[in-house]
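Remarks on the structure that follows.
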Amino acid sequence: MIPSGFEYHRPSSVQDAIRLLNENEDAKILAGGHSLLPMMKLRFAEPAHLIDLNGLAELKGIRLDGDTLCIGAMTTENELIDSDLVKQHCPLLVDVAKLVADPQVRNRGTVGGDVAHGDPGNDHPAVMLALDAEFVIQGPDGERRQAANGFFLGTYWTGLEEGEVMTEIRIPPIPANGGYGYNKLKRKTGDYATAGSTVVLELDGASCKEIRIGLTNVAPMAIRAEAAEDLLRGQNIDEALIEQAAELVMQACDPAEDLRGDIQYKTHMAAEMTRRSIRDALARAGS
Amino acid sequence: MATAEDRVKADIEREDALQGIGCSRKRKEDPRFVQGKGTYVDDVKLPGTLYADLVRSPFAHARIKGINKEKALALPGVHAVLTAEDLKPLNLHWMPTLAGDVQAVLADEKVHMQYQEVAVVIADDRYIAADAVDLVEVEYEALPVLVDPHKALDPDAPILREDAEDKDNVGQGPRKHPNHIFNWQVGDAEATERAFDEAEVTVKQEMYYPRVHPSPLETCGCVASFDKVNGKLDVYITSQAPHVVRTVVSMLSGVPESKVRIVSPDIGGGFGNKVGIYPGYVTAIVASIVIGRPVKWIEDRMEHLSTTAWARDYWMTGELAADKDGRIKGLKVDVLADHGAFNSHAQPTKWPAGFLSICTGSYDIPVAHVNVDGVYTNKSPGGVAYRCSFRVTEAVYVIERMMDVLAQKLGIDKAEIRRRNFVKPEQFPYETCLGWELDSGDYHTALDKVLAAVDYEGLRKEQAEKRAKGELMGIGLVTFTEVVGAGPSKNCDILGVGMFDSAEIRVHPTGSAIARMGTITQGQGHQTTYAQIIASELGIPSEEIQIEEGDTDTAPYGLGTYGSRSTPVGGAATAVAARKIRDKARKIAAHLMEVSEDDVEWDIDRFKVKGVPGQEKTMKEVAWAAYNNVPEGMEMGLEAVDYYDPPNFTYPFGTYLCVVDIDKYTGVVDIRRFYALDDCGTRINPMIIEGQVHGGLNEGFAVAMGQEMPYDEEGNLLGNTFMDYFIPTFVETPHWETDYTVTPSPHHPLGAKGVAESPHVGSIPCFTAAIVDALAHLDVTHVDMPHNAYRVWQTLHELGADKRD
Ligand SMILES: Cc1cc2nc3c(=O)[nH]c(=O)nc-3n(C[C@H](O)[C@H](O)[C@H](O)COP(=O)(O)OP(=O)(O)OC[C@H]3O[C@@H](n4cnc5c(N)ncnc54)[C@H](O)[C@@H]3O)c2cc1C
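First to last, the sequence lines map onto chains A and B.
My numbering puts the first residue of the first sequence at 1, with every later residue one more than the last.
My numbering puts the first residue of the second sequence at 288, with every later residue one more than the last.
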């Protein structure tokens, strides 16, 4: 439970952080530390340098850019929960943040860290997929943007390149005739999802114009249930269709067995959480 | 003129001022805890302290081919790296267990479980120690692993304990296989067989009580400090039994017991986990003696969950024989007990399966037979009594489960079948067919009170309606009898020391008092309740009574706190010691008032001369006189000691009822209602009782709904962090409703029985019962714990109950 030795750096700007990250062998960014430090304490991770972003005000804060909600990477879960802007423009994120870990973790754990870590058990990645979010990333060669879709490549493996820092998350609005549903099954406070499902959809009359389904902790990375989305897109969603979609969700799952459940249970729970999220999303969309 | 009413009022005020027995006095321990001012072992900071950390085995079963310490020793700040080879000359590489077996302090040629202690590193700080642990190179040769206890006695099973291979007895009787530890039988096998042959109905149910860990908030640890000049050894340790630790440490180290001082400071929970002696303690003590500096060893959470004492791990088969009306004619219990790598279970009785034979429960059962086989496996050694007397929880589980199985078989209501079989109030004291004398009880009243409180009929109606709609609702009912207060020394001892307990009370000249006990509080609130006992017995306000425990240099010898023994044994000693003081005080009062002792009567806080209003001496006045004006021939001072050896155990009981709703698509169980009625005899501090009941219910909930220590086929322990090991927070914990009846113990000086473990023992089968009851219409008679959503869903899925129509 004691990490091996490391050198600690406290950069004064994002540029400085990027410099430190690229100058030092085996350096890692430290955000809230609630994923990184447990791994270091178990000596699964033994970085030689830690570059702490906590002093960087430029990475904090929540603002609107037109109707896009922009969240600084170093924004904590509790800051999300308390933000009026988030409550108003993306209440889904408040629901999600409230079910992340426990209050202690939410005090320090950041949205950027949650996304950047690439842990399939983390909640924000699948939510970002369903929200069609975009990530702002800075590296030695300047700034770039990457869509959430396609960002999550595998366990602890994302579209972030070595030496890059995620600075902001951009979330497009859910249309007025849209709705969301979020269901996470977990064993207890402070636990990761046994399975989670986020649904964001948009209706055109009674018909489903667009739908995105993000799944948590049922594959090596956060995934979208594309076959299920394809089935539902353009349809009047009823219970029979939800049932068929649930089947397709199960086919999309590739979970790892652990004490939360075996493959069969997790697969079934991904389907059950999706059923509930679709129903919730439809209800919120006012159908 | 004072009216009679005024006088009664004045008496009540005088009594209330004492805050004695029956008062919900606020806990004296809490102010320091809630302010973060407790002193736990890790808070003990002695100058020059070194830190110990352990090298542990990654393998469950392996031969050690070699250990290379060089790199670790080369790390600056490392003082020593010790292995079994280094302890051998001191004969400390193995240590005796409480069960007559031996346990490796540091692995001697072989490791028998994952995380077994292989070497200890002593360094300037815990960071250097941790780095050095990584630098110790151990070469292992993996051996076949035995995980399944059912395969332990197979002819071709790998032999685990080569050190004990040729012994025909490892402390608990003859054995029949190198992996066999003991066979233990109680009861009349033949008569029981006959009862089953002649019975109108019989039922049989297999059930597994999983391996669980008490997991107190504070892990285990110690600071050993050997003073080379004076030859004195001080050990600060998280121990539930400091005096016993002193005896054991003296025996192992050769330091005279008078030069060993054990201090149990504030303890962050024990729950049975902190009764035994662990290798970490021994290595820290040895290191301190060798190096001559204080050595601190504090476990981390994973080490704690992986190696220190766990509980249960019983594979049980229960059988009942009965007539068609559900009246029980006989009981059989057969157990395969997985004890892990060493038989280090902390059982303080003379019986290898502890109090398991209390398994006839609250019922009038004419014959019974119990058979237990204990075996070795490549797992962590144990087990212990996790918030219970040893093996009572298993006993209550099997009988309460079997009552339900029988009720379901006969179609008799689960409350009714219990009522038909209860020991009746007039049968007490009641001798069970397995040799226990239940001291007192009134089971019918407790059951009826609970059924009325929850509207049992209404719940059953609601359940029928829900079932018709395809919803799953279950009602669990348990009517348990506990056995606590070990114990009569004729039945119970630790390493030959009888299980009495002690109290020493000193009343000072100005009338306040200090008392020290051989028990040790770990959350039970002794500083509060013991003072209340003395307050009522001596008429001294409890605020003026100081209670101290845990320092063996000052407290009288006692066997410690576990098995709910503090009130039944330590509380009794306290009452008896106080009465000895009162007897002396009465003589002094008579002398002061110049009357005969027979003319003096005790009244709340003073002695009065019978029939002479106003002629009185308060305890305060008597205390002063005890130091300057005593009757001729009497020695001065006002103090007493009592070593209390109880004549019998006490038998608290209760009725618990639990209502659950199950989400059939996820397996999530919602505990809608939990009603707990406890009868612990005389209630010393009702608020503390309620707190203990809440705590016990929380832990029972944890065990039933989520705790387990599973191993994979290679013997890797899964789930040894709080990510997996279920410690419920207030978010998960149900709302508890508590209630009580009072049936005093006839043999305890105060009529008190002990309570803190009943809610653990009683609630666990109640949760299982509720879940089984929810599925009873699907012909389910039993489901094993833990009832987490995953397991419950698996059962539902197998039954097809999660199908959508
Ligand atoms: C008990 C417990 C329970 C938890 N339960 C949940 C849960 O239910 N759901 C959930 O989603 N999470 C859970 N977590 C994880 C928690 O939310 C973490 O806070 C989060 O995953 C990581 O965020 P962080 O700010 O703590 O990042 P850190 O731990 O500091 O960093 C994580 C990784 O991301 C990298 N990183 C961080 N920020 C950036 C950035 N801006 N740019 C580039 N790389 C970066 C770091 O280098 C590191 O590799 C839990 C954690 C704990 C300890």
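Virtual Cβ for every residue (Gly too), placed ideally from N, Cα, C.
Here the structure is a predicted model, which means the values were calculated and not measured.
Counting along the chain, the unbroken alpha helix (DSSP H) around K736/B starts and ends at Y730 to V741. A contact between stretches requires three or more CB pairs, one per stretch, nearer than 8 Å, and the stretch 966 to 985 of chain B fails this requirement with the stretch 463 to 471 of chain B.
Nearest C-alpha to P1036/B among G1087/B, D932/B, A991/B and P1046/B: D932/B. Relative to ligand 1, K41/A has its C-beta separated by 7 Å or more from all heavy atoms. Residues of chain B whose Cβ lies closer than 9 Å to the Cβ of M221/A do not exist, since the nearest Cβ in that chain is about 20 Å away.
Here V899/B is exposed. Its C-beta has fewer than 16 other C-beta atoms within 10 Å.
Looking from the CA of A283/A, the closest CA among E247/A, L259/A, A219/A and E202/A belongs to E202/A. Rounded to the nearest angstrom, the Cβ distance from V434/B to N665/B is 6 Å, consistent with a contact under 8 Å.
Counting along the chain, no beta strand (DSSP E) covers A270/A; the unbroken alpha helix (DSSP H) around it starts and ends at I263 to A285.
Under the three-state reduction of DSSP output, W584/B falls in the strand class. Around the beta carbon of F44/A, fewer than 16 other beta carbons lie within 10 angstroms, which makes this residue exposed.
Residues of the stretch 433 to 463 of chain B that bring their beta carbon within less than 7 Å of a beta carbon in chain A are absent altogether. For Y952/B, the nearest CB of chain A lies under 8 Å from its own CB, placing it at the interface with that chain.
Residue environment: I299/B is assigned as exposed (fewer than 16 neighbouring CB atoms within 10 Å of its CB, all protein chains considered).
Residue pairing by DSSP places A655/B opposite L618/B in a beta bridge.
Excluding residues up to 5 positions away in sequence, L925 lie with their Cβ nearer than 7 Å to the Cβ of K871/B in the same chain. In this chain, M1010/B is not harboured by any beta strand (DSSP E), its DSSP state being neither H nor E.
A distance criterion of 7 Å places the beta-carbon of G722/B beyond contact range of ligand 1, judged by its closest non-hydrogen atom.
At a C-beta separation below 9 Å, F346/B has no neighbours in chain A, since its nearest C-beta there lies roughly 18 Å away.
Within 7 Å of the C-beta of M166/A there is at least one heavy atom belonging to ligand 1.
Contact annotation, G159/A with T110/A: C-beta distance approximately 18 Å; criterion of less than 8 Å not satisfied. DSSP places M40/A within a helical segment (H, G or I) once states are collapsed to three. Residues of the same chain with a CB within less than 6 Å of the CB of A133/A, apart from the 5 flanking positions on each side, are A148, I169 and I171 in chain order. Your pair T861/B and M804/B checks out as a contact, with CB atoms roughly 7 Å apart and the cut at 8 Å. Taken in chain order, the unbroken stretches of beta strand (DSSP E) that lie wholly in the stretch 42 to 74 of chain A and span 3 residues or more are 49 to 52, 62 to 65 and 68 to 72.
Distance between Q750/B and K701/B, taken at the CA atoms: about 14 Å.
Not one heavy atom of ligand 1 sits closer than 7 Å to the Cβ of H530/B. Going by DSSP, Y914/B is part of no alpha helix (DSSP H) at all; its letter is neither H nor E.
Any Cβ of chain B closer than 8 Å to the Cβ of R187/A would place that residue at the interface, and such an atom is present. For the stretch 260 to 274 of chain A, the beta-carbon criterion of a distance under 7 Å to any beta-carbon of chain B is satisfied by R260, G261, Y265, M269 and E272. Residue contact check for F1013/B against chain A: a CB pair falls below 8 Å.
The residue among M760/B, E485/B and F936/B with its C-alpha nearest the C-alpha of T768/B is F936/B.
Listed by position along chain A, the residues whose Cβ is nearer than 7 Å to that of L1005/B are L259. DSSP, read as helix, strand or coil, puts C646/B in coil.
Listed in chain order, the alpha helix (DSSP H) runs fully inside the stretch 336 to 363 of chain B are 357 to 361, counting runs of at least 4 residues. Taking a contact as a CB-CB distance under 8 Å, the pair V741/B and N630/B does not count as one, their CB atoms being some 43 Å apart.
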